[in-house]
Amino acid sequence: MSIPTLAYATHSPTSALEPWSLERRQPGPKDVLIDILFCGVCHSDLHQARDEWGGSIFPMVPGHEIVGTVIKVGSEVSKWKVGDTVGVGVFIDSCRECNPCKTGEEQYCENGMTGTYNAMSRDGKSVNYGGYSTQITMDQDYIVSIPEGLALDSAAPLLCAGITTYSPIRHFGVKAGDRVAIVGLGGLGHMGVKFAKALGAHVTILSHSASKKADAEKLGADDFVATSDPVAFKAKKSSFDFILDTVSADHEIEEYLALLALNGTMVLVGLPNPSKVGAFALVGKRRSLAGSMIGGIRETQEMLNFCAEHGISADVEVIPMSYINEAYDRMLKSDVRYRFVIDLASLK
Ligand code: NAP
Ligand code: ZN
Ligand code: ZN
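Position in the sequence shown counted from 1, then plus 913, gives you the numbering used here.
Quick look at the structure:
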């Protein structure tokens, strides 16, 4: 018998999210059942709910920044017990056999990771529904532990915004003294600032919202540039070792590449539509342009432990489930400081 679950879903790219119900599977031998406490609201939820990447599956229950409590475990579950506080991120399964899966980079699974929502289950028989819901049944291998000391609401965004910024910052070796720029101060961007600062970098925020200057200082950034100010923008030419671009809307990537110093790297994590990049933007200073997608299970756990150790978590505005449509509208206006997090108690 399946488990009736309350949720919020959208039924088309132009519909609002509204109350819905779905059925979760009973935990199999290697599954756990999680009672969802909090779920962060990622801009990828909005992109997919509005079918901005194409191929969206409706009805859709978004949500891939999930924190909850284990309330039931299958007979062969060894990693988790009832009462554990756990997290679920952007994927819930992968092939487990390819090289990336075996080396803990399941997000780059050669056979495709299985998304937490807006995706089919691995056997192709059912649609996956995300964390805007009261519970979820999960394979024990695709869960992480929320370390003690992290508040659960502000830990939820770490499952996507946190790992998506932590992973490239670590992979590309950002270190003390590096001149780092974070483009876009939203959910991802504000986490990028915190990680780069924790590693000792000199951090500049490039924002199209001049009003975020005071917040930038509070977040620990060393410098703030309003991208609407052409003089201040040009003054940063060839001055950064590493740029993390988190912007969710179309923008000219070449303009930001010009800010990289010799041998600098710019990593795209934001996912708007493509922008043209000419060779001249790169070759003159041996610049690199790269992309990065979330992080694997092992690295996500490492990031959570790093957060607990360094006292890092997201700055959140906790909302009831019923506020989600307003939250999307405000996210589109860059009016979120700096992540909406749904309190699922509001749906129970
Ligand atoms: P968010 O909270 O909405 O932040 C995006 C930021 O982009 C805004 O706060 C704003 O910062 C800037 N921005 C928005 N509209 C802009 C415009 N018209 N011109 C210039 N800047 C603009 O979104 P998020 O959740 O951080 O996600 C950011 C992007 O990353 C999304 O595209 C999302 O899909 C993607 N993403 C990718 C991954 C991955 O694995 N690669 C994972 C998660 C999310 P300012 O106000 O400071 O300018
Ligand atoms: Zn996300
Ligand atoms: Zn794989």
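Just so it is clear, CB atoms sit at the ideal spot from N, CA and C, and this is done for glycine as well. Treat the numbers as computed from the prediction; the structure is a model and nothing was measured.
Asked	Found
Distance between I1225 and K1126 (C-alpha atoms, nearest Å)	20 Å
Straight-line Cα distance separating G1183 from S1034	26 Å
Through-space distance from H956 to V980, alpha-carbon basis	18 Å
G1062 versus A1221: straight-line alpha-carbon distance, rounded	6 Å
Rounded Cβ spacing between W993 and I1056 (contact assumed at less than 8 Å)	7 Å
Secondary structure of G953, DSSP reduced to three states	strand
Backbone secondary structure at V1096 - three-state DSSP	strand
Contact test: C955 Cβ vs ligand 2 heavy atom, cutoff 8 Å	yes
Spatial neighbours of E1019 in its chain, beta-carbon cut-off 7 Å, leaving aside the 5 residues before and after	F1004, S1007, P1013, M1026, G1209, I1210
Secondary structure of K985, DSSP reduced to three states	strand
Spatial distance of H1084 from M914 (CA atoms)	44 Å
Pairwise C-alpha distance: I1237 and K985	29 Å
Quiz: which residues have CB nearer than 7 Å to ligand 3 non-hydrogen atoms	S1007, C1008, R1009, E1010, C1011, P1013, C1014, E1019, C1022, E1023, N1024
Cross-strand partners of E931 (DSSP beta bridge)	A922
T1027 CB to nearest heavy atom of ligand 2 below 8 Å	no
9 Å Cβ cutoff, M973 in contact with chain D	Chain labels in this structure do not include chain D; a single protein chain is all it has.
Host beta strand (DSSP E) of I1255 (start-end)	1252-1256
9 Å Cβ cutoff met for G1017 and H977	no
Contact test: H977 Cβ vs ligand 2 heavy atom, cutoff 8 Å	yes
Beta-carbon gap between V1231 and V1254 smaller than 9 Å	yes
Closest residue to A1267 among V1180, E1167, G941, L1175 (Cα-Cα distance)	As displayed, the chain neither begins before 914 nor continues past 1261, which places residue 1267 out of reach and without an answer.
Bridge partners - K1052, DSSP secondary structure assignment	Note on identity: in this sequence residue 1052 is Asp, with Lys being the wrong assignment. DSSP lists D944 as partners of D1052.
Limits of the alpha helix (DSSP H) - the one that T1077 falls within	1074-1084
Per DSSP, the bridge partner or partners of H1115	R1092
Helix, strand or coil at I1237 according to DSSP, with G and I counted as helix	helix
Reduced DSSP secondary structure (H/G/I, E/B, other) of T1178	strand
Limits of the beta strand (DSSP E) - the one that I1005 falls within	1004-1006
N- and C-terminal bounds of the beta strand (DSSP E) containing T1201	Residue identity check: residue 1201 is Ser in the sequence provided, not Thr. 1201-1204 is the extent of the beta strand (DSSP E) around S1201.
Buried/exposed call for E1212, threshold 16 Cβ in 10 Å	buried
Any non-hydrogen atom of ligand 1 closer than 8 Å to A1127 Cβ	no
Best match in L1119, L930, A1123, A929 for proximity to K1150 [C-alpha to C-alpha]	L1119
Proximity of G1000 and I1059 at Cβ, strictly below 9 Å	yes
Stretch-stretch touch, CB-based, cutoff 8 Å, three pairs: the stretch 1153-1166 with the stretch 1089-1101	yes
Residues near K943 in its chain [Cβ-Cβ closer than 7 Å; skip 5 each side]	G987, E989, V990, D1052, Q1053
Check whether I949 and G1044 have beta carbons under 9 Å apart	yes
Alpha carbon of I916 to alpha carbon of Q939, nearest angstrom	6 Å
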